[in-house]
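Each residue of the first sequence is one higher than the last, beginning at 5 in our numbering. See below for the structure under consideration.
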Amino acid sequence: MRQILDSLLRDALRSLEDSEGWTGLAGTSPELERSRDPRHGDFTSNVAMRVAKRYGRKPREFAAALKDRLAASELIESVEVAGPGFVNLRLSAEAIHGEVRRMLGEGESYGKSDAGQGRRVLVEYVSSNPTGPLHIGHGRNAAQGASLANLLRATGHAVNEEYYVNDAGRQIDILAASVWLRYVETLGNELPFPRNAYQGGYVSNIAARVVERHGAALCGDVAAVAEVFGPAAGGEQEGLAGDDAANADSSHDPDADARIDRLIAAIRGSAGDDSFQTVVDAALDEVLADIRDDLEAFSVRFDRWFSERSLTGGGAVDRALKTLEANGHLYEKDGATWFRSSALGDDKDRVVVRENGATTYLASDIAYHLDKYERGYDVMLNVLGSDHHGYVARLKAAVEALTGHGERLEVQFVQFVVLYRGNVKAQMSTRAGEFVTLRQLREEVGNDAARFIYVSRSNDQHLDFDLELAKSQSSDNPVYYVQYAHARIASMLRRMADNGLSRPDAGGVKLGALEEPEERSLMVALGRFPEVVELAADKRAPHHVVHYVRGIAAEFHAWYNAHRILVDDDDVRDARVTLALAVGCVIRNALGLVGVSAPESM
RNA sequence: GCGCCCGUAGCUCAGUGGAUAGAGCGCUGCCCUCCGGAGGCAGAAGUCGGGGGUUCGAAUCCCUCCGGGCGCGCCA
């Protein structure tokens, strides 16, 4: 719809350029927008105000000239020059009715476009460390990423979704050490449990599985390991901390770090590398299976789970580093190998190979992004928690250094989620051990409410998630409000069938029977859907879809309340039912984009 | 200290450089002989954090100050 009007305006501009000799005019974008105020028509263009001066005309004069050139399209009912020089267009009934027919004809495809022209996009999201269950913050990332992927697909991009599994590195060793400690504990050998080990109950569950499967075979010499804790080591806990302690311990304590590294080394030494690896694998398997199930239940599915280990093991990291080195981006200092990222926009240079010879997380990530690039993606879109924003400059520098296409890396940040129960903050507190997992949230409020609320705010806005509101089955709850509109339509259709009324044929129905102002306004609003989808995809902002569909539901409820649909007059009834069907179609498609169901009844 | 994000109605938030800044909740007062009241209508409520600037036009862009969040590891 918008595109057709847009091209009409462009034609008019070209015609003005030809006849008036106003060179360059044809290349001007008309900037056609939806009018906010219905008194300003349906669409409005500000082109006159922007360019009139260039051709020595007053904006209103220019607008009047433009108005005269606008072809007498059957889509336009009237053109008006208003205010300081706006050109306002009012859609004809033909245009509006044609759009409604299109909705019903296209059905679930309505709203899709080929704007992306098949450009290949890889959306990487969640990518949470497999060291524990997903929490509510990951939930927002998941909802955001999955919705973005849907939006990009709907706008003609070739999309793949990926979860990068950080299954190598120190955090995993710490997880394995944590499991091992619980494991020997289960077998009756209590050792101190370091504060910066993983505290969560799931660690003990994994340990229990290890006991089932391997008995005491992985213990090694527990007494030897105990020496790490020093002579004072007893059976007491070293301290209390939350589930996420290893990450949450923000004032990172070098002593504690060193101690846990010694612990890992001691376990490896006494139980053997193979045994340790068995624990690592068991821990990863359990945690990843849990994450996978959790996301699956949340309607979040990845095309690929990309293992970091596959990069280190497969030589990809070495290859990426060699390429960087060959191009002069690496240097040695203090026994480590550094990437000169500061030459490409980063604050400072970054270590890629540590003094001890181990590659860093960044080195793996560089290799991963090189791999993405080589797979031919035009856009590498990463959805990250906002606490990772400091990381982007170095990664972008690396992509630029390796490929010369740093601009292909795009990062969307998702701000934090704060949970409320009514007015009371229910935020997880690592100290108190109140750890709210995504699973707990889903079980409490349901998947639909969670997905909807997660993407209801702009992603760079903190999200206050009210559990009571999300659970409430009232109009206060935006999810139910929208779903109710859909269910109401389905219910009306059931009643029709009960009364022996057949559904109108979208082609033959007389939409001219829709004479109420609310009906015109609703039809026009429905016709905006494809533009909303494009906007949301373009801006990487799924919340536009949520706000839009709420508005549609509100207009529908108002209309439904004011006017009876199943009236005796066949023409009016058929027309109204058709409109209701169109509303249902748009609500369904909109909810589908953000992963929320559109129920027939509630 | 430096960098990124955010300050819009009492609260939670929309707002693609445009015309009189919008929703929802809450508050006030209304509407069921009626297709699902899980609904609707009406009203009150704002110096768009402050101050400069760019522009025909700024909540939107630039500068600066004041609040709040996050980040500044040979962690991931």
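The C-beta atom is built at its ideal place from N, Cα and C for all residues, glycine as well.
By Cβ distance below 6 Å, which residues in the same chain neighbour residue i in space, the five residues on each side in sequence not counted?
i	result
residue 303	599
residue 22	none
residue 531	5, 103
residue 262	none
residue 508	578, 581, 582
residue 381	124, 126
residue 441	137, 139
residue 40	none
residue 291	134
residue 1	There is no way to answer for residue 1, as the model of the chain reaches only from 5 to 606.
residue 74	16, 83
residue 540	155, 546, 548, 549
Helix, strand or coil for residue i? Go by DSSP, reduced to three states.
i	result
residue 309	strand
residue 451	helix
residue 436	Low confidence applies here, because residue 436 scores a pLDDT of 44, under 50, leaving its location unreliable and the question unanswered by this model.
residue 606	coil
residue 37	strand
residue 514	coil
residue 145	helix
residue 444	helix
residue 281	helix
residue 463	coil
residue 244	Legend: pLDDT at residue 244 = 36, less than 50; position of this residue unreliable, no value from coordinates given.
residue 161	coil
residue 429	strand
residue 233	helix
residue 573	coil
residue 44	helix
residue 350	coil
residue 520	coil
residue 416	strand
Could you please give the first and the last residue of the uninterrupted alpha helix (DSSP H) stretch that includes residue i?
i	result
residue 184	174-190
residue 59	That residue, residue 59, is in no alpha helix (DSSP H); it is neither H nor E in DSSP.
residue 565	547-566
residue 372	365-378
residue 485	482-502
residue 422	Counting along the chain, residue 422 falls outside any alpha helix (DSSP H), though it belongs to the beta strand (DSSP E) covering 421-425.
residue 341	It is not in any alpha helix (DSSP H) - residue 341 instead sits in the beta strand (DSSP E) that spans 340-343.
Quick one: is residue i buried, meaning 16 or more other Cβ sit within 10 Å of its Cβ, or exposed?
i	result
residue 605	exposed
residue 538	buried
residue 480	exposed
residue 42	exposed
residue 281	exposed
residue 478	exposed
residue 205	exposed
residue 493	buried
residue 163	buried
residue 533	buried
residue 3	Residue 3 lies beyond the stretch modelled for the chain, which goes from 5 to 606, so this question has no answer here.
residue 244	Residue placement at residue 244 cannot be trusted, given a pLDDT of 36 that sits under 50; the coordinates are not used to answer.
residue 207	buried
residue 393	exposed
residue 364	buried
residue 203	buried
residue 556	buried
residue 241	Unreliable placement is indicated for residue 241, whose pLDDT of 46 sits below 50; the coordinate value is still reported in the next sentence. The residue in question, residue 241, is exposed, as its Cβ has fewer than 16 Cβ neighbours within 10 Å.
Counting along the chain, where does the beta strand (DSSP E) carrying residue i start and finish?
i	result
residue 598	That residue, residue 598, is in no beta strand (DSSP E); it is neither H nor E in DSSP.
residue 388	383-389
residue 49	47-49
residue 86	80-86
Given residue i, which residues of its chain have a CB within under 7 Å of its CB, disregarding the five upstream and five downstream residues?
i	result
residue 579	513, 514, 515, 517, 518
residue 405	328, 331, 333, 348
residue 78	96, 98
residue 133	170, 175
residue 353	342, 343, 344, 345, 346
residue 490	588, 591, 592, 602, 603
residue 121	160
Does any heavy atom of the ligand GDP sit closer than 7 Å to the C-beta of residue i?
i	result
residue 428	Within the structure as shown, the ligand GDP is missing, as the structure has no ligands at all.
Give every residue of the same chain whose Cβ lies closer than 8 Å to the Cβ of residue i, excluding the five residues on either side of it in the sequence, and list them in chain order.
i	result
residue 62	56, 89
residue 499	570
residue 574	none
residue 101	515, 516, 527
My assumption, with CB atoms under 8 Å, is that residue i sits in contact with residue j. Please give the rounded CB distance.
i	j	result
residue 676	residue 367	This structure does not reach residue 676, given that the chain is present from 5 up to 606, and the question cannot be answered.
residue 200	residue 264	6 Å
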